[in-house]
Amino acid sequence: MSAVLAQEPALFEHTADALTWAYRQEGAHPEVSAATKAGRGTAHVGGRGLGPTIEGSGNAGLIKAEVMRLGEVPGLVIAARFSLRALPCGCGAPCCKHTRPSPVWTAATRELARMAADHAPGTAGYLRLRVACVERFFGVKESFIDVARRNQLAERTVSTHNKAIATWLKSEEGRAMHALDFRLREAGIVGDR
Ligand SMILES: [Zn+2]
Numbered sequence: 001m002s003a004v005l006a007q008e009p010a011l012f013e014h015t016a017d018a019l020t021w022a023y024r025q026e027g028a029h030p031e032v033s034a035a036t037k038a039g040r041g042t043a044h045v046g047g048r049g050l051g052p053t054i055e056g057s058g059n060a061g062l063i064k065a066e067v068m069r070l071g072e073v074p075g076l077v078i079a080a081r082f083s084l085r086a087l088p089c090g091c092g093a094p095c096c097k098h099t100r101p102s103p104v105w106t107a108a109t110r111e112l113a114r115m116a117a118d119h120a121p122g123t124a125g126y127l128r129l130r131v132a133c134v135e136r137f138f139g140v141k142e143s144f145i146d147v148a149r150r151n152q153l154a155e156r157t158v159s160t161h162n163k164a165i166a167t168w169l170k171s172e173e174g175r176a177m178h179a180l181d182f183r184l185r186e187a188g189i190v191g192d193r
């Protein structure tokens with residue numbers, strides 16, 4: 001089995017590339033194609049089952065199944081890290097900014113913010129603050145001052161909450177990536193190309 005896999009180059013060289021690709025499959029083919037055309041991703045549309053095809057979604061499902069096997073918190077952390085924060089919107093409304101919030105990203109960050117109360121010491125009091133801290137960890141650029149002002153809290157309260165939540169999420173993400181690295185290599189999805 002391993003000899004067969006060794007002859008066949010893996011689909012992705014890096015675990016992060018595999019996850020980025022898998023989490024951008026649903027309703028996000030334009031991004032995948034754009035990334036591929038720009039030479040940024042390792043995906044080759046039409047060649048190795050990575051195009052917007054049934055085979056492609058099968059591979060994405062396989063990658064996501066490995067994520068789900070890790071458990072609830074790691075699954076949410078990986079979804080928040082690798083799914084798109086916003087999706088293209090073509091609703092045509094005059095006020096439309098041509099993007100809409102991604103339901104996957106929003107649900108993952110909200111749920112992690114809820115769970116942070118039990119995992120990040122001293123953060124149980126303010127749900128909205130936890131949401132802001134989780135969003136910052138997953139790439140939203142908002143300063144402590146702005147978060148403090150918006151929630152009518154002291155800047156120091158924001159920074160202590162942020163530290164506790166970021167520490168928790170960082171450790172969860174590190175463990176999840178380590179486990180996925182192992183599992184996706186074992187599955188022949190990630191490896192030398
Ligand atoms: Zn719209």
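In UniProt numbering, the protein residues as written are 1 to 193. We put the CB at the ideal spot given by N, CA and C, even for glycine. Model, not experiment: these values are computed from the prediction.
Look at the alpha carbon of residue i and the alpha carbon of residue j, and state the distance between them as a whole number of angstroms.
i           : j           : result
residue 131 : residue 22  : 25 Å
residue 10  : residue 191 : 5 Å
residue 111 : residue 193 : 37 Å
residue 16  : residue 64  : 13 Å
residue 61  : residue 82  : 14 Å
residue 179 : residue 58  : 21 Å
residue 74  : residue 187 : 19 Å
residue 87  : residue 135 : 16 Å
residue 146 : residue 18  : 35 Å
residue 118 : residue 109 : 15 Å
residue 114 : residue 97  : 29 Å
residue 168 : residue 72  : 14 Å
residue 150 : residue 94  : 28 Å
residue 156 : residue 142 : 15 Å
Ordered along the chain, which non-local residues of its own chain (more than five positions away) have a Cβ less than 6 Å from that of residue i?
i           : result
residue 133 : 161, 162 and 165
residue 77  : 172, 173 and 176
residue 116 : 123, 130 and 165
residue 20  : 82
residue 158 : 144, 147 and 148
Between residue i and the rest of its own chain, which residues show a CB-CB distance below 8 Å, the 5 nearest in sequence each way excluded?
i          : result
residue 85 : 101, 102, 105, 138, 139 and 140
residue 13 : 42, 190, 191, 192 and 193
residue 70 : 78, 176, 179 and 180
residue 91 : 100
Can you tell which of the options has the C-alpha that lies nearest to the C-alpha of residue i?
i           : options              : result
residue 170 : 68, 18 and 80        : 80
residue 183 : 24, 151, 20 and 68   : 68
residue 152 : 167, 24 and 128      : 128
residue 185 : 66, 25 and 24        : 66
residue 154 : 167, 168, 126 and 91 : 126
So, at 7 Å on beta carbons, what are the nonlocal neighbours of residue i in its own chain, with the 5 sequence-adjacent residues on each side left out?
i          : result
residue 89 : 96, 98, 99 and 100
Assess, as a yes-or-no matter, whether the stretch 95-105 is touched by the stretch 117-131 under the definition of 3 or more beta carbon pairs within less than 8 Å. no
Threshold first: 3 residues or longer. Then list the beta strand (DSSP E) segments lying entirely within the stretch 65-90, N to C. 86-88
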